[in-house]
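Below: one structure, written as structure tokens.
There are 2 protein chains.
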Amino acid sequence: MGPAGSGPPAWPSSAWAELGWLPAARGPIAWDDGPMVTSSPFAAAAPSPPDPSPELLARAAAVRRAALDLGRLANNERQEALAAMADALQRHSDTILAANRADLERAAAEGLAPTLLARLKMDRPKLAGAIAAVRQVAALADPVGRRQLHRELAAGLVLQRITVPLGVLGVIFEARPDAVIQIAALAIRSGNGALLKGGREAAGSTEAILAALKEGLAASLVTPASLEMLTSRQESLAMLKLDGLVDLIIPRGSNALVRYIQDHTRIPVLGHAAGLCHLYVDAAADGQQALRLALDSKTQYPAACNAIETLLVHQSIAPSFVPAASAMFTAAGVELRGDEAACSLGVSLSASEADWGTEYADLILNIKVVADLDAALAHIARYGSRHTDAICTDDATAAERFLKSVDSAGVYWNCSTRFADGNRYGFGAEVGISTQTLPPRGPVGLEGLVTYRYLLRGDGHIAGDYASGASLFTHRDLPL
Amino acid sequence: MGPAGSGPPAWPSSAWAELGWLPAARGPIAWDDGPMVTSSPFAAAAPSPPDPSPELLARAAAVRRAALDLGRLANNERQEALAAMADALQRHSDTILAANRADLERAAAEGLAPTLLARLKMDRPKLAGAIAAVRQVAALADPVGRRQLHRELAAGLVLQRITVPLGVLGVIFEARPDAVIQIAALAIRSGNGALLKGGREAAGSTEAILAALKEGLAASLVTPASLEMLTSRQESLAMLKLDGLVDLIIPRGSNALVRYIQDHTRIPVLGHAAGLCHLYVDAAADGQQALRLALDSKTQYPAACNAIETLLVHQSIAPSFVPAASAMFTAAGVELRGDEAACSLGVSLSASEADWGTEYADLILNIKVVADLDAALAHIARYGSRHTDAICTDDATAAERFLKSVDSAGVYWNCSTRFADGNRYGFGAEVGISTQTLPPRGPVGLEGLVTYRYLLRGDGHIAGDYASGASLFTHRDLPL
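Chains A and B, in that order, are what the protein sequence lines are.
Residues 3 to 482, numbered by the numbering used here, are exactly what the first sequence covers, in order.
Residues 3 to 482, numbered by the numbering used here, are exactly what the second sequence covers, in order.
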């Protein structure tokens, strides 16, 4: 994969290889719940998105107006809205489950793959779990209204920086009815309106869920118009042109979908990209601990983006570690692919150049023997996706160097890469894991759905007095 | 201007007008220093950027490698590098001034406009000021290494979120030699490498400055390769395809340039867009204070993005306020354009629909009489650019409603919009003023040039133990 991502590279990847410096695709988001259902055949030569219809513009503008009102509500008012959403889902459980059964029958008849059917399926326990999650999101700390800066600029002139909702989220996601509930709860909790486009296969379930959610909102201070469902692919594509009405696009889908969106919108995109994670077993590693970490990082949930694809092993520990790891992984059903040194220590398959840059999301693992920490760092810089990379060592100096040098959203010492997750970080619900450089980066929770605003309160202060020197700035920080 | 910005709108703007809801262009950045020098004729039908040459790739990769080293340096090491840069500029002052004189002569012979020549000119006091600014940037608080989060996830498993440099900045700017110095200082101070492309007219000055800066860096722990100059337009365009090597593009140029860049790169862009600011004079305003604020907000520096373009006046105060404002602004040489009610109160010219959405950046001001606060809010939502908007009132309830309701980066009460500025906010040097929704928003200082990284330190912790319930998360916040 070239640095511009999947699809035809913008220039020969050999040019990069020659440089000995090949950063992998640096897209924005990977998800913790495995490969996505994608029913969208976004080819490399896909056409431009269509222009929004007047009807779509009217609906989007209505959501934006509703979101401005929503953004002014107090914490408890938004919490009550979530409670009302949860209550309404409860009341309409039978309708939702019936709609989902119809979706499932249709999808099964169309031959949808079993794993996708499993995601599409919404039974009573799954719905109960989703409703409980809405109440949990209600209980999370309010991301809105936090004071990040408080400063007296001059006598009587006080600046504050306060978190505020983004406005309107545009969410495009796979055929998972529970995702509709989760995203709607996160949006309302953070004071944002949302334009939602779910997978085609889940259309009936999604409609039933949205009807319940809107009925719930109608019993609260939040306008039901804050949530709007897009039903056609044309509409979801035209959403890309709604600059000024949509503030952030969150695509939960294939890499191809995300690339297409990034290439066809000026709206910021919190998209899904590769999770190519490494564990480096240092010379000073505790071998038993390293084996535990490697096994958990690879097999605890191999389809997750925070599972490792490559194990880097210091040459001095390799003669003992690689055979032990080989035996352990083989017993665990993991296929190993090694470099020459690893193969000479018992790894049976040879890794190709492409393997070092492949996110298997499966029970396959590369093993490479490296000369030292620097070689490990160089390998990660070249093939990593800046997601999460870990070192196992008892040498604090080596560990701190690794923590300072790896340019990833998560850099770990003596723990599994599988901890890269919003819930495990204590964020409550998460939107996804961002591998883009700019914030929000890493696991993104509610605080990724807000921005800030500078409020300045004065008493007739004019800039001319400060430009002339008649008045002076004090720039004195006040308590937060 | 349609919601998709300048250039041919993506759909008929009449569609928006019919909705009664026309957000203005929501591009990212406006600059405080007036209209930019732009020598780039980026037409609407401009071709795609060229692919990077192997030579450009090699240079960009070298900057990235250098930036990784730079990012690991301590605060005082980066401060010393800035001191060395300042010293070297001092030593080579004569060479830089001579190169600038040659640039000026060439530009004058080519007929460059006098205002642009003034920006291009670098005399001894201007250079001394730029050198002093480098030392000031060195003295600013370090944006790198700040701990934003500190949390025990479980016994012995501790998460920290630490600010780190972005990596490599790609900066495209106008023919202003002092801007090269400023941007280089900000980049190195924040631990970032930079690919710089200055205006063609300043080529000689820029080369002399960069040579001095690199000589300075050579005397420090920062590799001179951290700063690299691009010399051709082809190179600066090809930079847009350097995903993975460049982390943020900062264009300082015309709106057309910024739009072109946004449309042709997946790299985040901190670009320049409209500053369409409003002052609303409420029913309960102190009339004398309102006049002072209006005059300062319009005339203190009319070319600045934070100057107002429209004055909104509550109908109950309009009969006294509008005639007084008319007299004051006319005396100050400001051309006024009013709605029907304002015209009936003494404003001589009639404002067209287009005028409400125009950033004059000149001594022209629209005046509109509104029925109430809600009408003012609706006007700002429709025509504002989410930059900075102010209310003048003695009614605290009205003021707080305005502060909560206006969706702009800066919302002010009883003070001039001209305070929207990084230096006035106490940020020291500023990169620009962002009008995008996502952070960084508003005046962007050094902290807009860093991101963060999650560091997790454990002692053999694996996720499986927490998934199984064998171990439990504690999620206990520790002191920052």
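Where is the CB? At the ideal position from N, CA and C, for every residue including glycine.
Among the options, which residue has its Cα nearest to the Cα of residue i?
| i | options | result |
| --- | --- | --- |
| Y303/A | D105/B, M87/B, A68/B, D467/B | D467/B |
| D89/A | L272/A, A62/A, V248/A, S222/A | S222/A |
| A109/B | L229/B, R80/B, Q138/B, A205/B | A205/B |
| L106/B | S328/B, E203/B, M87/B | E203/B |
| A101/B | L129/B, G289/B, A86/B, A326/B | L129/B |
| L278/A | L375/A, R294/A, A356/A, E449/A | A356/A |
| T399/B | A287/B, I185/B, D125/B, P54/B | A287/B |
| H94/A | E230/A, C345/A, R126/A, V260/A | R126/A |
| R1/A | V224/A, N77/A, A353/A | The displayed coordinates of chain A run from 3 to 482. Any statement about residue 1/A would go beyond what the structure contains. |
| L99/B | A210/B, A157/B, L451/B | A210/B |
| D409/B | A373/A, G412/A, L457/A, L119/A | L457/A |
Does the beta carbon of residue i sit closer than 8 Å to a beta carbon anywhere in chain B?
| i | result |
| --- | --- |
| G169/A | yes |
| D284/A | no |
| L405/A | yes |
| R108/A | no |
| G36/A | Annotation note: pLDDT 29 at G36/A (below 50); position unreliable, coordinate value reported separately. No - not a single Cβ of chain B is within 8 Å of the one on G36/A. |
| R426/A | yes |
| R61/A | no |
Do you know how far the Cα of residue j is from the Cα of residue i?
| i | j | result |
| --- | --- | --- |
| S387/B | L84/A | 32 Å |
| L59/A | Y362/B | 28 Å |
| L314/B | A285/B | 11 Å |
| I183/A | G131/A | 11 Å |
| A422/B | R268/B | 29 Å |
| I435/B | L197/B | 21 Å |
| L244/B | P253/B | 15 Å |
| A140/A | L72/A | 15 Å |
| Y454/B | L247/A | 29 Å |
| T208/A | F175/A | 11 Å |
| S322/A | Q236/A | 58 Å |
| L405/B | C394/B | 11 Å |
| A63/B | Q92/B | 30 Å |
| R153/B | H463/B | 15 Å |
| A86/A | A377/B | 32 Å |
| V166/A | V146/A | 5 Å |
| G444/A | Y427/A | 10 Å |
| E217/B | T225/B | 10 Å |
| A392/A | A292/A | 11 Å |
If the cut is a Cβ gap below 9 Å, which residues of chain D does residue i touch?
| i | result |
| --- | --- |
| C345/B | Absent here is chain D; the protein component of the structure consists of chains A and B. |
Could one say the Cβ of residue i lies closer than 8 Å to chain A's Cβ atoms, at least one of them?
| i | result |
| --- | --- |
| R74/B | yes |
| P270/B | yes |
| L155/B | yes |
| A465/B | yes |
| G462/B | yes |
| A32/B | Here A32/B scores only 33 on pLDDT, less than 50, and its place in the model should not be relied on; the value that follows carries that caveat. Not one chain A Cβ lies under 8 Å of A32/B. |
| L259/B | no |
| L122/B | no |
| L264/B | Reading off the sequence shown, one finds Gln at residue 264/B, where the question assumed Leu. So yes, Q264/B belongs to the interface. |
| H477/B | yes |
| A356/B | no |
| L474/B | no |
| A220/B | no |
| G471/B | no |
| R459/B | yes |
| L215/B | no |
| L482/B | no |
Since I believe residue j is in contact with residue i (beta carbons under 8 Å), could you give me their beta-carbon distance rounded to a whole number of angstroms?
| i | j | result |
| --- | --- | --- |
| L239/A | P52/A | 6 Å |
| H389/B | T437/B | 5 Å |
| T301/A | L365/A | 7 Å |
| S189/B | L171/B | The question names Ser, but residue 189/B is Ala in the sequence shown. Indeed they touch by this definition, with Cβ atoms about 5 Å apart. |
| L474/A | A156/A | 7 Å |
inquiry  = Please list, in chain order, the residues of the stretch 428-455 of chain A that have any C-beta partner in chain B closer than 7 Å.
reply    = Result list: G428, T439, L440, P441, R443, G444, T453, Y454, R455.
message = Tell me which residues of the stretch 408-424 of chain A have at least one Cβ-Cβ distance to chain B shorter than 9 Å, keeping chain order.
response = Within the stretch 408-424 of chain A, the residues whose Cβ lies closer than 9 Å to some Cβ of chain B are V408, D409, S410, A411, G412, V413, Y414, W415, N416, C417, S418, T419, R420, F421, A422, D423, listed in chain order.
task = Give, in chain order, every residue of the stretch 285-316 of chain A whose Cβ lies closer than 7 Å to some Cβ of chain B.
result = The stretch 285-316 of chain A vs chain B, Cβ under 7 Å: Q291, R294, L295, D298, Q302.
ask   = Along the stretch 111-139 of chain B, what residues have a CB closer than 8 Å to any CB found in chain A?
value = Those would be none; no residue qualifies.
Residues within the stretch 234-250 of chain A neighbouring chain B, beta-carbon criterion of under 8 Å = So the close ones are K243, L244, D245, G246, L247, D249, L250.
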